[in-house]
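**Student:** For reference, the structure I am asking about is given below.
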Amino acid sequence: MFRRKGIKRRADGMPISTHQRSVVQPPCLLSPLAADIRVMSPAVFLLDGNVVSKPRTMEAENESGSDQENYSRLVSSVIHEYDIIDVEPGARSEESANEDVKSRDSSQDDVTLPRVNCPEKIIICLDMSSEMDKVSFRSRSGDKWTPMKLVRRALSFFLHSKQRLNRNHQFALVHLFDKASWVKDFTGNVRSIISALDDMSDTVELQSFNATSLFDLIHQCVPLPELEGDTTILPPPYIVRMLFIYGRSNGLIEFRNKESFRQLDSSPYFFFDAMYVHEPQSPENRCEEIFDRLCDLDEKGMSYIFEAARNPTRLYDQMAKLLAHPLQRPLQSEIAYRLHNIADLTDT
Amino acid sequence: MVEGKFGVCNGITRVNDVKSGSSTLRKSPSGDRFKIYIPYAGQTITWEVILDNSCPEEPPDFIFEDSDFCPNVADIKSLVNWDIGDPHCLTKVIRELLEHYKTFHERLLEAHSRLQFEYSSLLDQTELSRDLIEVYSERTEKKIGPINFLIKLPVDFSDIPPYLTKDNPGENSAVLLILFPSPDSSRVTPQLYLSPRVEHAFGGSGNLRIPAFPSGGCLLDYVPDVYKLLQNKVEKTVQIYERRKELIAAFLSHFGRSVLEFDADGFFDISFLFEWNDFFFILYIELAPSFPQEAPVLTFQSIYHESKEKPYSEVHDKYPYSPRWSGPEMATRIK
Numbered sequence: 000m001f002r003r004k005g006i007k008r009r010a011d012g013m014p015i016s017t018h019q020r021s022v023v024q025p026p027c028l029l030s031p032l033a034a035d036i037r038v039m040s041p042a043v044f045l046l047d048g049n050v051v052s053k054p055r056t057m058e059a060e061n062e063s064g065s066d067q068e069n070y071s072r073l074v075s076s077v078i079h080e081y082d083i084i085d086v087e088p089g090a091r092s093e094e095s096a097n098e099d100v101k102s103r104d105s106s107q108d109d110v111t112l113p114r115v116n117c118p119e120k121i122i123i124c125l126d127m128s129s130e131m132d133k134v135s136f137r138s139r140s141g142d143k144w145t146p147m148k149l150v151r152r153a154l155s156f157f158l159h160s161k162q163r164l165n166r167n168h169q170f171a172l173v174h175l176f177d178k179a180s181w182v183k184d185f186t187g188n189v190r191s192i193i194s195a196l197d198d199m200s201d202t203v204e205l206q207s208f209n210a211t212s213l214f215d216l217i218h219q220c221v222p223l224p225e226l227e228g229d230t231t232i233l234p235p236p237y238i239v240r241m242l243f244i245y246g247r248s249n250g251l252i253e254f255r256n257k258e259s260f261r262q263l264d265s266s267p268y269f270f271f272d273a274m275y276v277h278e279p280q281s282p283e284n285r286c287e288e289i290f291d292r293l294c295d296l297d298e299k300g301m302s303y304i305f306e307a308a309r310n311p312t313r314l315y316d317q318m319a320k321l322l323a324h325p326l327q328r329p330l331q332s333e334i335a336y337r338l339h340n341i342a343d344l345t346d347t
Numbered sequence: 000m001v002e003g004k005f006g007v008c009n010g011i012t013r014v015n016d017v018k019s020g021s022s023t024l025r026k027s028p029s030g031d032r033f034k035i036y037i038p039y040a041g042q043t044i045t046w047e048v049i050l051d052n053s054c055p056e057e058p059p060d061f062i063f064e065d066s067d068f069c070p071n072v073a074d075i076k077s078l079v080n081w082d083i084g085d086p087h088c089l090t091k092v093i094r095e096l097l098e099h100y101k102t103f104h105e106r107l108l109e110a111h112s113r114l115q116f117e118y119s120s121l122l123d124q125t126e127l128s129r130d131l132i133e134v135y136s137e138r139t140e141k142k143i144g145p146i147n148f149l150i151k152l153p154v155d156f157s158d159i160p161p162y163l164t165k166d167n168p169g170e171n172s173a174v175l176l177i178l179f180p181s182p183d184s185s186r187v188t189p190q191l192y193l194s195p196r197v198e199h200a201f202g203g204s205g206n207l208r209i210p211a212f213p214s215g216g217c218l219l220d221y222v223p224d225v226y227k228l229l230q231n232k233v234e235k236t237v238q239i240y241e242r243r244k245e246l247i248a249a250f251l252s253h254f255g256r257s258v259l260e261f262d263a264d265g266f267f268d269i270s271f272l273f274e275w276n277d278f279f280f281i282l283y284i285e286l287a288p289s290f291p292q293e294a295p296v297l298t299f300q301s302i303y304h305e306s307k308e309k310p311y312s313e314v315h316d317k318y319p320y321s322p323r324w325s326g327p328e329m330a331t332r333i334k
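Quick mapping for you: the protein sequence lines, in order, are chains E and C.
Residue 198 in numbering that gives the first Met the number 0 sits at position 199 of the first sequence; the count goes up by one each step and never skips.
Residue 151 in numbering that gives the first Met the number 0 sits at position 152 of the second sequence; the count goes up by one each step and never skips.
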């Protein structure tokens, strides 16, 4: 188990984290074969008997590197209906410590899936709004990039790495204009996706995003595997994962008709991940709100939703985290990548 | 009872119980005559079953493609006691007929001392029982041959790794088919057939080689040799599978929260994303089929830098390692 420096410990040796993060090993990690992933409703982190649920929040912008402890907390889903009505300003604050939140009523309560590395069909949904072409990322050495350039480069790493993990993964590309449109159908040929990314059409000035059109398109074009046999053991022939890359700091996500989304999301073999690139958060933009909306799409609690602003390294890091296989990866709130110094390492 | 007949026959998918055990049916237009294809001793024999639509209580007639085979009807009890009400009536008849057919072929061997010797020595001096062996002699006007010996090897497959597929991979079995081109030939050809799960566990059909049949040799020596070979292979496969699984499990228990993917079928590889001093990188750990003799190969890959259009990566395979360490110990040391 990872132990961080300076963490207080309880009498039984379990660390006390000031952020009340779950430090219990998820049961699935210790029995790889027979294990299953429990899709739990978010209010699951028990520490000292308190049930707390942790909303995902965006990281406070920090040039010198992210504060790892603060960055991801699960959104509680009190809101199911998506309107473009603004969330009340006081409803969620970024620095809020643990709030008691109602648990999500998920139709996927307690579905167990086999922890197998079956092939993935990954749909890269790339925002084509012109904001993607505005320089907003800067490195410490002074280099500047547009989100689109960085995303393309990060995607190239993603594609190569993912293919190395399993040659049977397939990728498709969808462009998000006013409506979503397929650019490349599923292929294992990573180069062809990369050249489609290199050759793409220009971005366009866009306002809010019509999520319905995207989910309609996907629901229409991508069949999901049927549930057959004993679904707790039998691996599906593939799973479908959306990699939603969104770059608007002011364009809200409109989602009036959720029928297609519900149909897709009702399958245990469908996953929704997102990478949100944006301007640094300020009163002049709506980044936090948009991020919260994105998190709301994670109704099953199985998604990885990341965001990055200004810091190119962080974008690469987040995209790398998205490599993890949805059936084998820990919940987002459980992920921990940091290796400690040798001096710190003691055997568990 | 036309429908009933079809229903009865569908229950015969296991007619040939010992070996591969499935038969297929084809109906000819009238609906009360059909052919049954039965796998036997490496061949498929075709029998035609003739029932009478107008009097279903009458037991069926049979046409055997092998015209020499003509059992005495009185000997076939289930035909004598034909009861159309019993859903297994046809199954029972076929089973009995198959027994007679087997005896028929056994008798054919008696005319050839060498083959007869092979057969009886297998029965008498090995652990194989009669129900594990089927013999078949192809006969033409001029000669007899090839002669097939189909032998089911009683290997213990109980521990082999699971094979998760949608289609039921079926029972585990290994079957040896030995062909004698003619009764006294020395060019005897053996072939080994493995059931899907066993083949999968061995890593594919190319991965097991059985020795050629020694000229001048006999089944009595050869068959037990193949059996031992198989049994050893099974044991070895199970052992190294367990070692791989143990190592992957150990890695997961140390680093499960950083996992990207791992091979949940054969446990041959696992990958992680790690962060070291704000620097992220990917680690691929790959196990060769010869693990644990061969150390796992560690490949580090950058997520920021490229070389030759691919992410930059470095392989490390020379590090302190011993095959004798247990899984958890290996994981700790690699850490």
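The beta carbon of each residue, even a glycine, is placed where N, CA and C say it ideally should be.
Could you please tell me which residues of the segment 232-262 of chain C, in chain order, have their CB closer than 8 Å to any CB of chain E?
**Tutor:** For the segment 232-262 of chain C, which is checked against every Cβ of chain E, the residues closer than 8 Å are K244, I247, A248, L251, S252, H253, G255, R256, S257, V258, L259, E260, F261 and D262.
**Student:** Determine whether the beta carbon atoms of P182 (chain C) and G144 (chain C) lie at a separation below 8 Å.
**Tutor:** A contact, by the Cβ cut-off of 8 Å.
**Student:** Can you pull the chain E neighbours of I281 (chain C), defined as C-beta to C-beta under 8 Å?
**Tutor:** Under the 8 Å cutoff, chain E gives S160, A319 and L322.
**Student:** So, using beta-carbon positions, are V48 (chain C) and F68 (chain C) closer together than 8 Å?
**Tutor:** No, the pair does not count as a contact, with Cβ atoms beyond the cut-off.
**Student:** Tell me the DSSP bridge mates of V173 (chain E)?
**Tutor:** For V173 (chain E), which the question treats as bridged, DSSP gives the partners E:C124 and E:W181.
**Student:** What number of angstroms, rounded off, separates the C-alpha of V349 (chain C) from the C-alpha of Q292 (chain C)?
**Tutor:** Residue 349 (chain C) cannot be examined here, being either before or after the span of chain C that is shown, 0 to 334.
**Student:** Can you name the residues of chain C whose CB is closer than 7 Å to the CB of D295 (chain E)?
**Tutor:** Result: empty, since nearest Cβ-Cβ is about 25 Å, beyond 7 Å.
**Student:** Going by DSSP, name the residue or residues bridged to T43 (chain C).
**Tutor:** DSSP lists C:P38 as partners of T43 (chain C).
**Student:** Please report the Cβ distance between I284 (chain C) and F250 (chain C), rounded to the nearest whole angstrom; I am assuming they are in contact, meaning their Cβ atoms lie under 8 Å.
**Tutor:** The Cβ separation is near 7 Å, so the contact holds.
**Student:** Tell me whether G141 (chain E) is buried or exposed, calling it buried when 16 or more other Cβ atoms sit within 10 Å of its Cβ.
**Tutor:** Per the 10 Å Cβ criterion, exposed.
**Student:** Can you tell me whether DSSP reads D74 (chain C) as helix, strand or coil?
**Tutor:** The answer is helix: DSSP assigns D74 (chain C) an H, G or I state.
**Student:** Does chain E have any CB closer than 8 Å to the CB of L297 (chain C)?
**Tutor:** So, not an interface residue.
**Student:** Looking at E333 (chain E) and R256 (chain C), is the spacing between their C-beta atoms short of 8 Å?
**Tutor:** Cβ atoms of R256 (chain C) and E333 (chain E): closer than 8 Å.
**Student:** Three-state secondary structure (DSSP) at G215 (chain C)?
**Tutor:** In the structure shown, G215 (chain C) sits in coil (DSSP, three-state: anything other than H, G, I, E or B).
**Student:** Is there a C-beta anywhere in chain C that falls below 8 Å from the one on I217 (chain E)?
**Tutor:** I217 (chain E) does not count as touching chain C.
**Student:** I want to verify the contact list: residues of chain E whose CB lies under 7 Å from the CB of E274 (chain C), in sequence order.
**Tutor:** Neighbours of E274 (chain C) on chain E, chain order: Y336, R337 and L338.
**Student:** State the beta-bridge partners of P58 (chain C) as determined by DSSP.
**Tutor:** According to DSSP, which records beta bridges pairwise, P58 (chain C) is partnered with nothing at all.
**Student:** Counting only beta-carbon separations shorter than 8 Å, does Q115 (chain C) have a partner in chain E?
**Tutor:** Chain E contact via Cβ: absent.
**Student:** Check whether chain E comes within 8 Å of Y303 (chain C), counting only Cβ atoms and requiring the distance to be less than that.
**Tutor:** So, interface residue.
**Student:** Consider the Cβ of L175 (chain E): report whether some Cβ of chain C lies at a distance smaller than 8 Å.
**Tutor:** Judged by the 8 Å Cβ criterion, L175 (chain E) is not in contact with chain C.
**Student:** Between G89 (chain E) and L205 (chain E), what straight-line distance do the alpha-carbon atoms span, to the nearest angstrom?
**Tutor:** Confidence in G89 (chain E) is poor, its pLDDT being 35 and thus under 50, which makes the residue's placement too unreliable to answer from.
**Student:** Quick check on this structure: which residue in C:L152, C:L114, C:D123 and C:V154 has the alpha carbon closest to the alpha carbon of S136 (chain C)?
**Tutor:** Of C:L152, C:L114, C:D123 and C:V154, the residue nearest in Cα terms is C:L114.
**Student:** Return helix, strand or coil for M147 (chain E), following the three-state DSSP convention.
**Tutor:** Helix at M147 (chain E).
**Student:** Mind checking the segment 115-134 of chain E against chain C and listing, in chain order, the residues whose C-beta falls within less than 7 Å of any C-beta there?
**Tutor:** Going along the segment 115-134 of chain E in chain order, one finds V115 and N116 with a Cβ nearer than 7 Å to chain C.
**Student:** Could you tell me which residues DSSP puts in a beta bridge with Q190 (chain C)?
**Tutor:** According to DSSP, which records beta bridges pairwise, Q190 (chain C) is partnered with C:L176.
**Student:** Indicate the three-state DSSP secondary structure (helix, strand or coil) for H339 (chain E) in the structure shown.
**Tutor:** Coil at H339 (chain E), not helix or strand.
**Student:** Mapping DSSP to helix, strand and coil, what is V77 (chain E)?
**Tutor:** Residue confidence is low: V77 (chain E) scores 23 on pLDDT, short of 50, so the model does not pin down where it sits. No coordinate-derived value is stated.
**Student:** Using only CA atoms, which one of E:M301, E:E119, E:Q327 and E:R292 lies nearest to A210 (chain E)?
**Tutor:** Considering only alpha carbons, the answer is E:R292.
**Student:** Please compile the residues from chain C whose C-beta is within a distance smaller than 7 Å of the C-beta of L226 (chain E).
**Tutor:** Result: empty, since nearest Cβ-Cβ is about 11 Å, beyond 7 Å.
**Student:** Between Q280 (chain E) and chain C, is the shortest Cβ-Cβ distance under 8 Å, so that the two count as touching?
**Tutor:** Chain C, which has no Cβ nearer than 8 Å to the Cβ of Q280 (chain E), makes this no.
**Student:** Nearest chain C C-beta to P329 (chain E) closer than 8 Å, yes or no?
**Tutor:** Yes, P329 (chain E) counts as interfacial toward chain C.
**Student:** From what residue to what residue does the alpha helix (DSSP H) around P195 (chain C) run?
**Tutor:** Segment P195 to F201, the alpha helix (DSSP H) holding P195 (chain C).
**Student:** Classify S128 (chain C) as buried or exposed, calling it buried when 16 or more other Cβ atoms lie within 10 Å of its own Cβ.
**Tutor:** It is exposed - the Cβ of S128 (chain C) has fewer than 16 other Cβ atoms within 10 Å.
**Student:** Ends of the alpha helix (DSSP H) at I132 (chain C)?
**Tutor:** That residue, I132 (chain C), is in no alpha helix (DSSP H); its beta strand (DSSP E) goes I132 to R138.
**Student:** Which residue comes first and which comes last in the alpha helix (DSSP H) that contains M318 (chain E)?
**Tutor:** First-last of the alpha helix (DSSP H) with M318 (chain E): P311 to K320.
**Student:** In or out: T236 (chain C) buried (at least 16 other Cβ within 10 Å) or exposed?
**Tutor:** Result: buried.
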